[in-house]
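Numbered by the working numbering, the letters in the sequence shown go through residues 1042 to 1335 in order.
Ideal Cβ positions, reconstructed from N, Cα and C, are used throughout, including at glycine.
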Amino acid sequence: MKKQQWTVLGLVALLTIGLYILTQSQIFGSKAAKGADTGSTVHGPGDGHDHGDEHAGLSTDTVLARARKQLAPAQRSRLDLLEHSITRGDVQGQKLHLYHQLAGFWRDTARLFEPFAWYTGEAARLENSEKSLTFAAHLFLSSLREEENSELQQWKALQAKDLFERSLQLNPSNDSSQIGLGAAILFGGLGSPMEGVGKIRAVAERDSTNVFAQQTLGEASLLSQQYDRAIERFERVARLQPGNVRVLLLLADLNERQGHKPEALGWYRKALPMAEKPELRRALEKRIQELEKK
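Structure representation (structure tokens):
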């Protein structure tokens, strides 16, 4: 299956009823232009920053250089000052503080997701705590599933994979990290999809009430066009977590596509009271009215 389909199918419920979600391009600004590298590298080879890059078509240096190209002159000057702020003394402590500062700069000033997530990940690697590693890993995982650029998608998947693996070294029994690792492999196109599914399924078999596992397996079934299995998984999630609007919309959309109008209407109606954004509420009301007329 083409990677473009993976992105579209993963958000099929929202797209079908004409809704939009806030992606990182809206939160952090426009994405870097696709294509060749447009600037000099920020980090040199062998400096310890190329986590997993040897398997990727896109290097971290390229990602950061493209981001730098989008900065205004004043922002570049500010970035240069930050990058050269380490002095003698507690270099390790200064680096950790610097990575947090750089992450904040890219998030709040430049509003670009990729370098923000990268420096958040670098700080987590340096700190080497389970909490910080899993937080950074989930940043990349959430973003890669909405990424349309295949090179960036793989780069984000490799970052998520590396961070989840580091977290699992600290706590091998963390089911969330195990599922996240499987999802990074599956949705990032790293190796065999069944390798990723296997890691997620192992958790679901141990604990059938794990919502993260059941929802991810449902999305995996959706990607492979096993719609009946996807519905079964999502219904289980809806029972365990009735307020999961994304799953309610996926169930509504899947049932509508399968020609099950009463079921689709039921799921849309369940989602309606939970729609916080006015645009979402209006779109749901319109879709319900259209289905009722058919």
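Exposed unless 16 or more other CB atoms sit within 10 angstroms - verdict on residue i
i	result
Gly1221	buried
Ala1312	buried
Thr1257	buried
Gly1162	buried
Lys1240	buried
Ser1249	exposed
Ala1158	buried
Gly1259	buried
Arg1186	buried
Gln1194	buried
Val1238	buried
Asp1088	With a pLDDT of 48 at Asp1088, under the threshold of 50, the modelled position of this residue cannot be trusted, and the question is left open.
Ala983	What the structure shows of the chain is the stretch from 1042 to 1335, and residue 983 is not part of that stretch, so it cannot be assessed.
Gln1133	exposed
Lys1335	exposed
Gln1067	Since pLDDT at Gln1067 reaches only 38, below the 50 mark, its modelled position is unreliable, and the value read off the structure follows with that caveat. So Gln1067 ends up on the exposed side.
From the options, residue whose alpha carbon lies closest to that of residue i
i	options	result
Ala1254	Gly1230, Gly1223 and Ser1233	Gly1223
Asn1190	Arg1207, Gly1229, Ser1218 and Asp1269	Gly1229
His1125	Gln1111, Ala1113 and Tyr1140	Tyr1140
Trp1196	Thr1101, Asp1294, Arg1298 and Arg1152	Thr1101
Asn1215	Tyr1268, Phe1275, Arg1166 and Ala1245	Ala1245
Leu1408	Arg1274, Met1315, Arg1280 and Pro1283	Residue numbering for the chain in the displayed model covers 1042 to 1335; residue 1408 lies beyond these limits and cannot be assessed.
Leu1137	Leu1332, Arg1270 and Asn1169	Asn1169
Leu1321	Arg1287, Glu1304 and Ala1164	Arg1287
Leu1123	Lys1334, Glu1188 and Thr1150	Thr1150
Val1278	Phe1146, Leu1289 and Ser1217	Leu1289
Trp1147	Arg1109, Lys1334, Ala1305 and His1301	Arg1109
Ser1183	Arg1152, Ala1225, Leu1306 and Gly1300	Ala1225
Ile1127	Ile1329, Gln1116 and Gln1142	Gln1142
Residue i - containing alpha helix (DSSP H), residue span
i	result
Ile1220	Asp1216 to Phe1228
Asn1296	Val1286 to Arg1298
Trp1196	Ser1191 to Leu1211
Pro1156	Phe1154 to Glu1168
Met1235	Pro1234 to Arg1247
Trp1308	Lys1302 to Ala1312
Asp1149	Note, Asp1149: premise wrong, no alpha helix (DSSP H); not H, not E.
Ser1013	The shown model of the chain, from 1042 to 1335, leaves out residue 1013, and the question about it has no answer.
Glu1333	Pro1319 to Lys1334
Gly1098	Per DSSP, Gly1098 belongs to no alpha helix (DSSP H) and is neither H nor E.
Arg1280	Tyr1268 to Leu1281
Asp1121	Pro1114 to Glu1124
Ala1177	Glu1171 to Leu1185
Gln1133	Val1132 to Gly1145
**Prompt:** How do the segment 1195-1203 and the segment 1234-1241 stand: do at least 3 beta-carbon pairs fall below 8 Å, yes or no?
**Reply:** no
**Prompt:** Does the segment 1204-1215 touch the segment 1176-1186, meaning 3 or more C-beta pairs lie closer than 8 Å?
**Reply:** yes
**Prompt:** Pairing CB atoms from the segment 1298-1311 with CB atoms from the segment 1323-1330, are three or more of them under 8 Å?
**Reply:** yes
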